[in-house]
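Each residue of the sequence shown is one higher than the one before, counting from 13 in the working numbering.
What follows is a short report on a single structure.
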Amino acid sequence: MGIAPYVGGKSKAKEGVRVVKLSSNETPLGPSPKARDAYEAAAKYLHRYPDGTATLLREAIAKTYSLPLENLVCGNGSDELIGLLVHAYAGQGDEVLISEHGFLMYQIYAQSFGAVTVKAPEKDLRTDVDAMLARLTPKTKIVFVANPNNPTGTYITNDEMARLHAGLPSHVILAIDGAYTEYADKPDYATGLELAQTSRNVVCLRTFSKIYGLSALRLGWMYAPHAIADAINRIRSPFNVSAAAIAAGTAAVADTAYVDHSRAFNNKWVAWLTHELNNIGLTVVPSIANFVLVKFPCDKHNSSAANAYMTELGLIPREVGNYGLPEYLRISIGLEEDNRAVVQALTDFMKS
Ligand SMILES: Cc1ncc(COP(=O)(O)O)c(C=O)c1O
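This is the structure in structure tokens:
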């Protein structure tokens with residue numbers, strides 16, 4: 013009962029207003045049309061159990077990302093895989109280490125399995141490797157780093173990740189959560205897959221909910237060293253991924269041109285939104301994901317007034333007070349007209 017329930021992004025505004033949901037970092041472009049077709053085709057086989065090993069999907073992931081099939085485990089959203097990892101490796105008396113504004117589900121799962129979450133302070137809203145390493149104890153079992161992080165949108169470089177890994181004892185698992193990794197296009201950024209393939213204690217978590225546009229189907233995957241993949245396969249439920257998710261995910265991951273298109277669209281509008289919001293005097297945390305974290309003043313133009321103002325217009329951002337960021341709102345990238353509407357609304361709000 014001590015767990016504060018996870019509250020998803022809001023999706024309602026007052027009646028008669030067109031709702032633009034910018035609260036859950038979903039892609040406004042939707043999935044690849046090939047994924048939608050595959051999903052529809054799966055409707056013919058609803059009376060059959062899915063393949064419990066999700067082999068077609070894992071083969072498609074293995075091909076697109078040049079990874080060995082046997083190290084891939086799929087889950088009912090990456091949330092499920094986060095939970096399975098904590099279930100397998102951290103329990104009563106153990107510690108799970110995260111950064112100050114790390115994704116909330118790490119803490120929720122840690123608490124649900126009796127482990128304690130230790131948070132390391134961030135510097136400029138970025139994971140601070142030294143602060144993380146300083147908080148390691150003999151009880152630490154898993155270190156979670158979302159890279160890029162939600163809700164900040166910031167990232168740590170390949171070198172910083174390597175330094176964090178080098179400072180961990182070999183029995184501590186480094187879980188690199190790449191929910192937004194497909195959007196990243198910085199030369200000093202790396203997905204972590206290379207590190208995972210050359211280590212025995214690094215796992216990479218990925219989702220189909222963001223750039224692949226399949227949030228509704230609940231689908232994620234994990235690259236894990238053999239021993240960890242084996243443990244997770246023993247405790248997951250036998251048919252944890254639905255046939256529709258397997259079908260759609262297989263088509264989506266093969267459609268790399270669609271992913272490239274979605275990335276280019278997103279990154280253009282992240283840069284535009286950042287620039288325009290800076291122009292009206294708002295501080296925007298540099299983001300390499302599909303959302304921006306915007307800081308509001310402490311006067312009448314504060315974040316809750318901005319949230320109310322936007323919501324009245326049907327533009328729904330995410331309040332992030334539960335992440336320890338009460339002065340901020342997180343706003344997902346929308347279609348061109350949505351992004352323009354956000355800038356117009358916040359321009360009017362700041363003048364009001
Ligand atoms: C960093 C991070 N990890 C994991 C998830 C969970 O994604 P999924 O929909 O695959 O459960 C999210 C969703 O917002 C996220 O932001």
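Virtual Cβ for every residue (Gly too), placed ideally from N, Cα, C.
For clarity, every value in this text was computed on a predicted model and none was experimentally measured.
- CA-CA distance, residue 171 to residue 218, rounds to 21 Å.
- Taking every protein chain shown into account, the CB of residue 246 has fewer than 16 other CB atoms within 10 angstroms, so this residue is exposed.
- Shown here for residue 168: same chain residues with a beta carbon closer than 8 Å to its own, the five before and five after excluded, namely 138, 139, 141, 157, 159 and 176 in chain order.
- By the 16-neighbour rule on beta-carbons within 10 angstroms, residue 192 is buried.
- For residue 89, the Cβ falls inside the 6 Å cut-off from some heavy atom of ligand 1.
- Here residue 85 is near residue 244, since their CB atoms are less than 7 Å apart.
- In the DSSP assignment, residue 280 falls within the alpha helix (DSSP H) that extends over 268-291.
- Contact between residue 325 and residue 307 fails: their C-beta atoms lie close to 20 Å from each other, not under 8 Å.
- Using a C-beta cut-off of 8 Å, the region 253-265 makes contact with the region 43-52, since at least three inter-stretch Cβ pairs fall below that distance.
- In the DSSP assignment, residue 307 falls within the beta strand (DSSP E) that extends over 303-307.
- Look at the beta carbons and you see the region 97-109 touching the region 125-137: at least three pairs across the two are nearer than 8 Å.
- Inclusion of residue 93 and residue 258 in the CB contact set at 7 Å is not warranted, their separation being larger than that value.
- The way I'd put it, the region 328-341 doesn't touch the region 270-289; fewer than three beta-carbon pairs between them come closer than 8 Å.
- By DSSP's assignment, residue 157 forms a beta bridge with 188.
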